[in-house]
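What follows is a short report on a single structure.
Chains as they are written, first to last, in my numbering: chain A, 24 to 482; chain B, 135 to 388.
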């Protein structure tokens, strides 16, 4: 038994669990048999910001295969683009394998260091949600170990109810063992990106709306400066694009792919390094760097999709108290709420580095999947700010009153009632969850805080 | 569970009518807290004191558990009862205390027994019972109300001071023992606090109030601090007082 202190990527709310690292199905099964009443949760690369992949006092199955000397556990058919891969494999490993063969992961978040298992459990989304939907929509089938050790195959056709309960199910329906993903054909490893600077929030929203030709671009996202005030409140930099055609790439191997980490954040960072002033200076520089007139250029996959991976361990930049990431979505016609939220944060002097705005497409069939048609805004902030609990609770109310909700993979503070209000299909999901896990084995710190599973069920 | 902004979900106050304890609850109950359990001898009094907080947070559930702080061995059952009502104990504020005034221990030495039972023996049993539960949870914080009276025990306050000295040392050792378990102890050493317990007593220098103690706890509870002094200056004052030669110490007008 290895008792280990764990947190999410935000480095808050640390708890201790018995950590079992394995990628072996038999070991997973035998570990389930040793579980006590604190249950089990699986964990990948620990990129969810809050408590989704930790389980205080229970077992955490760490399923990563980053350093596997055997290489990647995957079968890839470069003709059909179907990739069958172990859940422990990361998007990073998949890209290294598939990009040179002309295929790309259909959905990627802002970091490539997430596992396939985690991507399914959180039903992650990327800059192409308005066109391609979320990760679960590209999973053709998956195998899942249930709490009794049985492995079942699920797909949108074969047992769709269990399949969609697992997509976005935060690991609470079972352990994903393998998945088959339909990859996206690409001609080059470059992205043709249009960058434009927009002087205020209205301009950003207008450019990103469906009328603003946003649907012509596969990828679209805006960075918003939350510290700008007055006439330039909510100014931003909009980047949109698609994979570049081979003919556009001035390189003898248009599919060459070499993601390298640039720099690491130091192991120790003074608290308060990221403060209102440093972030303001950064935001100003970032905004000025973007061209005032629309500009088209080629960018690499890491530069366009994974800017966060440019600095290894960037989560340490917030110092000892860690940080929280606040991501919510509101319906398309509620840009007024986005404004109010931005005003609330800037009024309270909360500085957020890299606030990101994105218009999302329609929701998929998963009851607990986060994305739904609307605007999603993501901000991060130091966790130690005084009065943050009260401020966030006010913002939560604005979001929920507008019919919005919070992204569970990022969440580290909302209440059980906020999730009930935001996810109207939660009861349906909970009854499927109970059917899939009658003994109540799957538990996490997140599920305890949010009452996602009935913790009175005993093992 | 504690959330990402340091708010614990289930908070338990042992010594539910303690003014300092209630003041701490006032400060640490924030959006996100779902259950507060008041463990007290007098449920009605405890309930009246919490009513203001309960009104502010309509979603908050307030529970009551009755206990007799003098019955040290019963603490095991008290903890079990709390767990049965709310599940995990994320934060436990340990505030029960007995301070006797004007008792002639020469005439009635047996009167010392309840002081030791409440302040020392019962609190020790309680803290181990809590530690056992919190270790299973993989997370938990105990906040022990100690006192500067234990730093250098003085005449006239020998029983209270000695029990506080004992429990303070015990709590620090327990915290050490719990390293790596996710469970920790915060020892709070206030100076003279003006409350109902000290009503009518002469104020000592650097006296403080329940609110100031609560604010200090609120600030420290999310950090890795093991000991706090209220007011903070007392730490340095006692560094001197503790090391004074006995001849000088005994002459001080304390």
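We put the beta carbon where it would ideally sit given N, CA and C, even for glycine.
The model shown is predicted, which means the values in this text are computed figures rather than measured ones.
Under the three-state reduction of DSSP, residue 335 (chain A) is assigned to strand. The stretch 307-325 of chain B makes contact with the stretch 361-371 of chain B, as at least three CB pairs between them are under 8 Å.
By the criterion of a C-beta distance shorter than 7 Å, residue 223 (chain B) is surrounded in its chain by 144, 146, 216, 217, 264, 267, 268 and 274, once the five residues flanking it on both sides are discounted.
Checking the DSSP bridge columns, you'll see residue 40 (chain A) partnered with A:27. With 16 or more other CB atoms across the displayed protein chains lying within 10 angstroms of its CB, residue 298 (chain B) is buried. Nearest Cα to residue 394 (chain A) within the set A:227, A:388, A:383 and A:431: A:383. The shortest CA-to-CA distance from residue 169 (chain B) to any of B:179, B:175 and B:192 is the one to B:192. Comparing alpha-carbon positions, the option among B:208, B:160 and B:250 lying closest to residue 188 (chain B) turns out to be B:160. In the three-state scheme derived from DSSP, where H, G and I count as helix and E and B as strand, residue 89 (chain A) is classed as coil. Annotation note: the stretch 180-264 of chain A contains the following uninterrupted alpha helix (DSSP H) runs of length 4 or greater, listed N- to C-terminal: 183-189 and 224-231. Approximately 20 Å separates the beta-carbon atoms of residue 175 (chain A) and residue 138 (chain A); this is outside 8 Å, ruling out the contact.
Excluding residues up to 5 positions away in sequence, 283, 284, 287 and 288 lie with their Cβ nearer than 7 Å to the Cβ of residue 295 (chain B) in the same chain. Excluding its 5 nearest sequence neighbours in each direction, residue 434 (chain A) has C-beta neighbours in its own chain below 6 Å: 73, listed in chain order. Within the same chain, 341 and 346 come within 6 Å of residue 405 (chain A) by CB-CB distance, once the 5 residues on both sides are set aside. Only 164, 165, 166 and 168 from the stretch 148-178 of chain B bring a Cβ to less than 8 Å from some Cβ of chain A. For a Cβ distance threshold of 8 Å, residue set 26 and 39 of chain A lies close to residue 315 (chain B), ordered along the chain. When the alpha-carbon of residue 182 (chain A) is set against those of A:166, A:450, A:271 and A:122, the nearest one is in A:166.
Of all C-beta pairs linking the stretch 254-271 of chain A to the stretch 218-225 of chain A, three or more are shorter than 8 Å, placing the two stretches in contact.
The Cβ of residue 472 (chain A) sits closer than 9 Å to at least one Cβ of chain B. Nearest in C-alpha terms to residue 426 (chain A), of all of A:441, A:412 and A:416, is A:441. At a cut-off of 9 Å between beta-carbon atoms, residue 78 (chain A) makes contact with chain B. Where residue 214 (chain B) is concerned, the enclosing alpha helix (DSSP H) starts and stops at 209-220. By the criterion of a C-beta distance shorter than 8 Å, residue 265 (chain A) is surrounded in its chain by 214, 215, 240, 241 and 242, once the five residues flanking it on both sides are discounted. The C-alpha of residue 197 (chain B) is placed about 31 Å away from the C-alpha of residue 28 (chain A).
By the C-beta criterion, the stretch 306-317 of chain A is judged to be in contact with the stretch 247-255 of chain A, since at least 3 inter-stretch pairs fall below 8 Å.
Close CB contacts of residue 188 (chain A) within its chain, under the 8 Å cut and outside five residues either way in sequence, are with 196, 389, 390, 391, 452, 455, 456 and 459 (chain order). Comparing alpha-carbon positions, the option among A:43, A:201 and A:164 lying closest to residue 184 (chain A) turns out to be A:164. Contact annotation: residue 104 (chain A) and residue 75 (chain A) have beta-carbon atoms that are not nearer than 9 Å. Here the C-alpha atom of residue 249 (chain B) lies approximately 15 Å from the C-alpha atom of residue 332 (chain B).
Segment contact: the stretch 149-160 of chain B against the stretch 94-102 of chain A, fewer than three CB-CB distances shorter than 8 Å; contact not assigned. By a beta-carbon distance limit of 8 Å, residue 230 (chain B) contacts residue 152 (chain B). Their separation comes to about 7 Å. Residue contact check for residue 415 (chain A) against chain B: a CB pair falls below 9 Å. Beta bridge pairing from DSSP links residue 146 (chain B) with B:171 and B:226.
Proximity of chain B to residue 436 (chain A) at the Cβ level (cut-off 8 Å) is accounted for by 137, 138, 139, 141 and 166, in chain order. Under DSSP, the beta-bridge partners assigned to residue 382 (chain A) are A:398.
Per DSSP, the continuous alpha helix (DSSP H) segment holding residue 305 (chain A) begins and ends at 299-312.
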